[in-house]
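Q: I have a structure I would like to understand better, so I am pasting it below and will then ask my questions one at a time.
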Amino acid sequence: MAKIVCFGEIMMRLNPEGYLRFVQAGSFEASYAGGEANVAVSLANYGNDAAFVTKLPDNDLGQCAINSLRQFGVDTSGIVKGGPRLGIYFVEKGASQRPSKVIYDRAGSSIALAKQEDFDWDKIFEGADWFHFTGITPALGGENPQICLDACKAAKAKGVKISCDLNFRKKLWTSEQAGTVMGELMPYVDVCIANEEDAADVFGIHAEGTDINTGKISREGYIGVAKGTIQKMLENGKLTVDELRDYFPYLSDEEIIEIKKEIL
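According to our numbering, the sequence shown is numbered sequentially starting from 524.
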C-alpha cells in the first residue's frame, strides 16, 4: 500500500441549504475541503496510506478541519498548529442555467503565513512513496513558493515521486508570477496534471488549431501542449524513449522518437 503525502490548504466551506442563493440564506452548512485535502481523502478511500500536511490555527476551528480528515483515515500527524485563522470559502450551488458562485475569504490564513521552518520535510517524508501538491499552494504567497521548493528537494533526496496539478487561479496570482514560480518547481515534478488552459495561463503554451469555445480540437495541438509541458519538467535534458512512452501512450514508437528529437 503506497504512502502519499499531500500538501496544501484546507478551508471551511460554508454553503446555504440546497440551492438557496447567498441573499436568501438564513444559515450556512459547514464542511471542510481543499484541493490537496480532497486528494488525500480520495486516496485514503481507495485504500492508500494518505497523509495531509498544512498549517492550521490552534483553536477549535483548526481542530474541526483536522477531525474532518481523520474521519476518512487521513494521517494528520504532519499538520502544524499556529497562525491567526482558518481560510473560509462560501459556495452557492448552481441550478439549471444559473452557475455556482464561490466567494473566498482566505487572506491571512495560517498556511498563507507559514514559515519554512514550520515543516520538517525529512521527517514528513519518512517511508513516503509519493508527494502531491498543486499550483494553489505556492500561489498563496509569502514563503509558500520556497516551502514547496523545500518539499520537492527533500522528496527527491529520499527518492519520493512528485506530482503537481498546475491548477492556475487568477484570483491568487498572475500568469507571470505563476510561470516564474512553477518553472522553478517543474524540474522536480515526475507527473504534471494540467489541461490546455492551465498550460497557457502558467507557461504560455497554447494548443494550436484548438478552440474550446467552438469545440474545435486539434490532435497535434494537444501533443504540442504535452511536449511544451514536458520540456518544463526536464532537468539537464535527460528523458528516455521509454519515459516518453508513459507521457504519450497513444503514439507509435516512431512518433515518440521524433518527439524526443524535438524536445531534446
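C-beta atoms are modelled at their ideal positions from N, C-alpha and C, and glycine is treated no differently. Note that the structure is a prediction, hence the values are computed from the model and not measured.
Since G727 and E743 should fall inside the 8 Å C-beta cutoff, what is the C-beta to C-beta distance between them, to a whole number of angstroms?
A: That belief does not hold up - the Cβ atoms of G727 and E743 are roughly 18 Å apart, past 8 Å.
Q: Within the same chain, show all residues whose beta-carbon is closer than 6 Å to that of K624, passing over the 5 residues directly before and after it, in chain order.
A: E615, listed in sequence order.
Q: Kindly list the residues whose CB is nearer than 6 Å to the CB of E778, restricted to its own chain and excluding five residues on each side of it in sequence; keep chain order.
A: No residues qualify anywhere along the chain.
Q: Which value, in whole angstroms, describes the spacing of the CA atoms of Q639 and I589?
A: The alpha-carbon atoms of Q639 and I589 are separated by roughly 21 Å.
Q: I believe I685 touches L663 by the beta-carbon criterion, under 8 Å. Please report the beta-carbon distance rounded to the nearest angstrom.
A: Not really, about 19 Å apart at Cβ, beyond 8 Å.
Q: Runs of 3 residues minimum, wholly inside the segment 641-695: which ones carry the beta strand (DSSP E) assignment?
A: Runs found: 653-657, 684-688.
Q: Can you tell me the Cα-Cα spacing of V764 and I626, whole angstroms?
A: Here V764 scores only 48 on pLDDT, less than 50, and its place in the model should not be relied on; the value that follows carries that caveat. So the two alpha carbons sit approximately 45 Å from each other.
Q: According to DSSP, is N571 part of a helix, a strand, or is it coil?
A: In the structure shown, N571 sits in coil (DSSP, three-state: anything other than H, G, I, E or B).
Q: Let me make sure I understand the geometry here. Which of K526, L609, K646, D581 has the alpha-carbon closest to that of D628?
A: Among K526, L609, K646, D581, the Cα nearest to that of D628 is on L609.
Q: Applying the criterion that 16 or more other CB atoms from any shown protein chain within 10 Å of the CB defines a buried residue, is N690 buried or exposed?
A: The residue in question, N690, is buried, as its Cβ has 16 or more Cβ neighbours within 10 Å.
Q: For S632, which option in R593, V597, G585 has the closest C-alpha, if you only look at C-alpha atoms?
A: When only C-alpha atoms are compared, the closest one is G585.
Q: Mapping the DSSP letters down to three states, classify V764 as helix, strand or coil.
A: Reliability fails at V764, whose pLDDT of 48 lies under 50, so the model's placement of it is uncertain and the value that follows must be treated cautiously. Looking at V764 - three-state DSSP - the assignment turns out to be helix.
Q: What's the call for G549, buried or exposed, on a 16-neighbour Cβ count within 10 Å?
A: Counting Cβ neighbours within 10 Å, G549 comes out exposed, since fewer than 16 surround it.
Q: Below 8 Å, can you find three or more Cβ-Cβ pairs linking the segment 690-707 to the segment 566-579?
A: In short, these stretches do not touch, since the Cβ pair count stays below three.
Q: Here's the rule: buried if 16 or more other CB atoms are within 10 angstroms of the residue's CB, otherwise exposed. What is V528?
A: Classification of V528: buried, given that the 10 Å Cβ count is 16 or more.
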